[in-house]
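Below is one structure, written out as structure tokens; comments come after it.
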């Protein structure tokens, strides 16, 4: 595919913007790519005979199948060339220096570099971007500038007296200068996303782009010309149908308006709050919102209007509508599907099922406060409601292999035979542990952990721990671990007789199940 290649999330944004009727030039400006790149993708859409609505309905895997992946070598080659541009600009001021001479010098260091036509194209493109200057005239509804104030506010813990600093998020619509302010616990990604989401709800609409500083919560990898946006912020942009456009480093004009707004925030919000004490972040934000109304009602010195009037007249009608539900912060993790057909989510210390054909595969886990989704090669293979209880297994029956078939080399009888070598109570405990789950595979991992205690402790102690625990309400790995760790197996408590019957329970299958 000719032209610059873009990643799958940028491709989704390109499709969104084209569906909204933007020209290829406007889309290229919004995404920070060349118009030729957008032209190439649009031509590809036509060749595939797919509408933008159909393209939006495709999964990441299906989209990836339509277009080649980004070639890292191309990116590296461009970065190598871009590093020369400032030097080339200075050299061209010298008498007799030409681009042809500079290109030959570049090829001596990089024989596999760009040919002359591409070399000139990229240099002129860079020069046009970096030399644009003058008065910036902002179009209504196009951009939302965001930044954090350099100074902080604070609130006090009523119980301990601890003073907690609060970061201050500032957002401004440049055409109307309508301003939003919110205190946050930090400048981390989760707090930034919450502030942006609250800001959009407050505005009642969405701009075409969000322009921020090159802060860590936004940029995954910094670059002078093409910084890489992290996945979470790209996901937020896809949810709202906009793009993230970081300001260029060392170009203060790119964000002069929001920095000017920060100075006014110091005067009109920080100072009035300086003599007050707040006992929670919510209480502080309530006070900020009370001052935010008058802030946006101040008349401009040189115009007979206010920020709010300009917003209502020229900016609000141009905003795109909000999606039906607010954005939920999405996290990304890599995981390996275990033999028990589950992946482990370390943040909650629990397990989620995946179709058993993916056992041994590496997958991407995406989760929000409510859901957990598992993807393999861009295709979603599992979707669960998120559980916040540590040690739980969330299982969909169709994900599991047949309970009556041997699962690789793991099955209930094999674990029971291994347990019998330690002792009869260990065998009984292991059978009970596996039998209490609807899917015995879920009990295998805990059973394996209990049997592994025989390497750490004498077998007689493991047997004594199982003898002590066998009468408990529910079998589990942690029960045996706690008994051994606290030497409760040696406490001299009255032992249960070997023939003591295990209490009946609805989800205990019994020995006939495994025949």
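In the numbering used here, the protein residues as written are 41 to 555. All residues carry an ideal CB built from backbone N, CA and C; glycine is no exception.
Query, Result
"Rounded to whole angstroms, what's the CA-CA distance from residue 79 to residue 422? Just pull it up for me.", "36 Å"
"Taking a contact to mean a Cβ-Cβ separation below 9 Å, would you say residue 439 touches residue 395 in this structure?", "yes"
"Which same chain residues, not among the five before or five after residue 128, have their C-beta less than 7 Å away from its C-beta?", "142 and 163"
"Pick helix, strand or coil for residue 215, following the three-state DSSP scheme.", "coil"
"Which same chain residues end up closer than 8 Å to residue 557 when comparing Cβ atoms and leaving out the 5 residues on each side of it in sequence?", "Nothing about residue 557 can be read from this structure; the chain reaches only from 41 to 555."
"Would you grab the beta carbon distance between residue 403 and residue 379 for me? Rounded to a whole angstrom, and I think it's under 8 Å.", "That belief does not hold up - the Cβ atoms of residue 403 and residue 379 are roughly 15 Å apart, past 8 Å."
"What does DSSP give as the partner residue(s) for residue 412 in the beta ladder?", "407 and 424"
"Which of the three DSSP states, helix, strand or coil, is assigned to residue 360?", "strand"
"Tell me which residues share the same chain as residue 313 and place their Cβ nearer than 7 Å to its Cβ, disregarding the 5 neighbours each side in the sequence.", "193 and 327"
"CA-CA distance, residue 52 and residue 515?", "48 Å"
"In this structure, how does DSSP classify residue 180 when only helix, strand and coil are distinguished?", "coil"
"Please go through the same chain and pick out, in chain order, the residues whose beta-carbon is closer than 6 Å to the beta-carbon of residue 458, but skip the five residues on each side of it.", "491"
"Between which two residues does the alpha helix (DSSP H) containing residue 501 stretch?", "499-509"
"Since residue 284 contacts residue 309 with CB under 8 Å, what's their CB separation in whole angstroms?", "Wrong, their Cβ atoms sit about 26 Å apart, outside the cutoff."
"Run the CB neighbour count on residue 484, radius 10 Å, all protein chains shown included, and call it buried at 16 or more, exposed below.", "buried"
"For residue 317 and residue 95, I'd like the C-alpha separation in whole angstroms.", "53 Å"
"Assuming residue 81 is part of the beta strand (DSSP E), what are its boundary residues?", "No beta strand (DSSP E) holds residue 81; the alpha helix (DSSP H) holding it covers 75-88."
"Rounded to whole angstroms, what's the CA-CA distance from residue 324 to residue 332? Just pull it up for me.", "12 Å"
"Is it true that the CB of residue 350 sits closer than 9 Å to the CB of residue 218?", "yes"
"Should residue 292 go down as buried or exposed, given a rule of 16 or more other Cβ atoms within 10 Å for buried?", "For residue 292, the predicted structure reports a pLDDT of 48, less than 50, and the residue's modelled location is therefore unreliable. The matter cannot be settled from this model."
"Just verifying my parser: in three-state terms, what is the DSSP assignment at residue 389?", "coil"
"DSSP beta-bridge partners for residue 284?", "250"
"I think residue 359 touches residue 247, with their Cβ atoms under 8 Å apart; what is that distance to the nearest whole Å?", "6 Å"
"Does the stretch 360-372 come close enough to the stretch 272-279 to have 3 or more Cβ pairs within less than 8 Å?", "yes"
"Buried or exposed for residue 417, please, with buried defined as at least 16 other CB atoms from any protein chain shown within 10 angstroms of its CB.", "exposed"
"Quick check: what's the CA-CA separation for residue 204 versus residue 307?", "22 Å"
"Considering only the alpha carbon of each residue, which of 441, 145, 503 and 301 lies closest to residue 470?", "503"
"Which full runs of the beta strand (DSSP E) of 3+ residues lie inside the stretch 321-378, going along the chain?", "371-376"
"Near residue 462, what residues of its chain come up, given a Cβ to Cβ distance below 6 Å and the 5 sequence neighbours on each side ignored?", "494, 499, 502 and 503"
"Please state if the CB of residue 428 and the CB of residue 411 are separated by a distance shorter than 9 Å.", "no"
"Below 7 Å CB to CB, which residues in the same chain sit around residue 335 once its five sequence neighbours on both sides are set aside?", "219, 308 and 309"
"State the Cα-Cα distance for the pair residue 530 and residue 520, rounded to the nearest angstrom.", "13 Å"
"Hey, how far is the Cα of residue 507 from the Cα of residue 497?", "15 Å"
"To the nearest angstrom, report how far apart residue 526 and residue 510 are at their CA atoms.", "17 Å"
"State the Cα-Cα distance for the pair residue 90 and residue 106, rounded to the nearest angstrom.", "11 Å"
"Per DSSP, residue 193 is paired with what?", "206"
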